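*Asks:* Have a look at this one before I ask anything.
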Amino acid sequence: LDKAMDIIGANGADSLVTAPINKASIIASGFKRFEGHTEYLAKKSHAKNVAMMFVAERLKITLVTRHIALKDVPGRLSEAGIISAIEITSKYLKKYFRIASPRIGVAGLNPHAGENGSFGREEELIISPAIKTASRHIKGVTGPVSPDVVFNAALDGKFDAVISMYHDQALIPFKVLYFNTGVNLTLGLPFVRTSPDHGTAFDIAGKGIADPSSMVEAIKLACRLSGKA
Numbered sequence: 003l004d005k006a007m008d009i010i011g012a013n014g015a016d017s018l019v020t021a022p023i024n025k026a027s028i029i030a031s032g033f034k035r036f037e038g039h040t041e042y043l044a045k046k047s048h049a050k051n052v053a054m055m056f057v058a059e060r061l062k063i064t065l066v067t068r069h070i071a072l073k074d075v076p077g078r079l080s081e082a083g084i085i086s087a088i089e090i091t092s093k094y095l096k097k098y099f100r101i102a103s104p105r106i107g108v109a110g111l112n113p114h115a116g117e118n119g120s121f122g123r124e125e126e127l128i129i130s131p132a133i134k135t136a137s138r139h140i141k142g143v144t145g146p147v148s149p150d151v152v153f154n155a156a157l158d159g160k161f162d163a164v165i166s167m168y169h170d171q172a173l174i175p176f177k178v179l180y181f182n183t184g185v186n187l188t189l190g191l192p193f194v195r196t197s198p199d200h201g202t203a204f205d206i207a208g209k210g211i212a213d214p215s216s217m218v219e220a221i222k223l224a225c226r227l228s229g230k231a
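Listed below in structure tokens is the structure:
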């Protein structure tokens, strides 16, 4: 990773495609802490605001929170974090994908988006105020939308991207649909960075049965976006 950053820093490349990594193995090798590629590359490139977007043919999803325990998600949600996710998604839908007027659906956290506080108040207290604030300067933001509806709405063409509150809320539907072709795209870096949307799959290492499709798609997307960072 450091060598790749050196090449990019010397203007030898403007895109980076990373392969899957195992965080536990990296930590075991001597790193005291390694949250993931996204955080490491952001720190190395001094990027203050980055986000993970998952990209496939008919679906784009940006995460508000990333690799944290599910029990910690409600406490980590904030108006500022949701607004930031909306802003960076809108910016890069225009910059990378040439969508002039992005339509963004914001998922709720709870079943049925809380149903007026019946199943949690995060929508009322955090998500809705964030959407209201973001909508003052970003048009086309809708939500909070029930999590069991918002992804299908995006597939139907109603949204150009979805803002998801936590990792598995986004990745379960995304991988069900696009396990072999989905791509992880980092927003906010001074260069294009993509990766496959799957892990290291140590369980099939050496068996000759791994599917390279997601890596191929990651390379293709990096080539398409090259020069737009």
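Residue numbering for the sequence shown is 3 to 231, as defined by the working numbering. We put the CB at the ideal spot given by N, CA and C, even for glycine. Please read all numbers here as calculations on a predicted model, not as lab measurements.
1) Would the stretch 101-117 and the stretch 151-163 be scored as touching if the rule is three or more Cβ pairs under 8 Å?
2) Run through DSSP, which three-state label would isoleucine 70 get?
3) Near serine 92, what residues of its chain come up, given a Cβ to Cβ distance below 7 Å and the 5 sequence neighbours on each side ignored?
4) Pull up the DSSP beta-bridge partners for glycine 229, would you.
5) Would you report the Cα separation of serine 197 and isoleucine 23, rounded to the nearest angstrom?
6) Start and end of the beta strand (DSSP E) containing asparagine 186?
7) Can the beta-carbon of asparagine 13 be found closer than 7 Å to that of glycine 190?
8) Can you give me the start and stop residues for the beta strand (DSSP E) that threonine 64 sits inside?
9) Since threonine 196 sits in a beta bridge, which residues does DSSP pair it with?
10) How big is the Cα-Cα spacing for alanine 53 and tyrosine 98?
11) Can you check DSSP and say which residues form a bridge with threonine 144?
12) Could you tell me which of Ala58, Ala115, Val66 and Ser27 sits nearest to glycine 201, measuring between CA atoms?
13) How is alanine 207 classed by DSSP in three states: helix, strand or coil?
14) Identify the continuous beta strand (DSSP E) that holds isoleucine 165 and give its terminal residues.
15) Go ahead and pull the three-state DSSP assignment for phenylalanine 176.
16) Can you tell me where the beta strand (DSSP E) with valine 52 in it begins and where it stops?
17) How is serine 120 classed by DSSP in three states: helix, strand or coil?
18) Report all residues from its chain with a CB closer than 6 Å to the CB of serine 166; omit the five preceding and five following residues, and keep chain order.
19) What does the alpha-carbon distance come out to for the pair serine 80 and alanine 87?
20) Residues bridged to phenylalanine 56 by DSSP?
21) What are the boundary residues of the alpha helix (DSSP H) that includes arginine 100?
22) Give a yes or no on contact between the stretch 132-149 and the stretch 68-77, applying the rule of three or more CB pairs nearer than 8 Å.
*Replies:* The short version:
1) At 8 Å Cβ cutoff, the stretches touch.
2) Coil.
3) Cβ within range, chain order: Pro104, Ile106 and Ile140.
4) Per DSSP, none; premise fails for glycine 229.
5) Answer to the nearest angstrom: the Cα atoms are 10 Å apart.
6) Looking at the DSSP string, the run of the beta strand (DSSP E) that includes asparagine 186 is 185-189.
7) No, these two residues do not count as a Cβ contact at 7 Å.
8) For threonine 64, the uninterrupted beta strand (DSSP E) segment begins and ends at 62-65.
9) Partner(s): Val19 and Leu187.
10) Approximately 14 Å, taken between the alpha carbons.
11) According to the DSSP secondary-structure assignment, threonine 144 is paired through a beta bridge with Gly107.
12) Comparing Cα-Cα distances from glycine 201 to each of Ala58, Ala115, Val66 and Ser27, the minimum goes to Ser27.
13) Of the three classes helix, strand and coil, the one that applies to alanine 207 here is coil, per DSSP.
14) Here the beta strand (DSSP E) through isoleucine 165 covers 163-166.
15) Assigned with DSSP and collapsed to three states, phenylalanine 176 falls in helix.
16) That residue, valine 52, is in no beta strand (DSSP E); it is neither H nor E in DSSP.
17) Secondary structure at serine 120: strand, using DSSP grouped into helix, strand and coil.
18) Residues Ile63, Leu65, Ala109 and Ala172 of the same chain have their beta carbon placed closer than 6 Å to that of serine 166, with the five preceding and five following residues left out of the count.
19) Their Cα atoms are separated by approximately 11 Å.
20) For phenylalanine 56, the pairing in a beta bridge is given by DSSP as Ile63 and Asn186.
21) Annotation: arginine 100 is outside any alpha helix (DSSP H) and is labelled neither H nor E by DSSP.
22) Contact between the stretch 132-149 and the stretch 68-77 is absent: fewer than three C-beta pairs spanning the two stretches fall below 8 Å.
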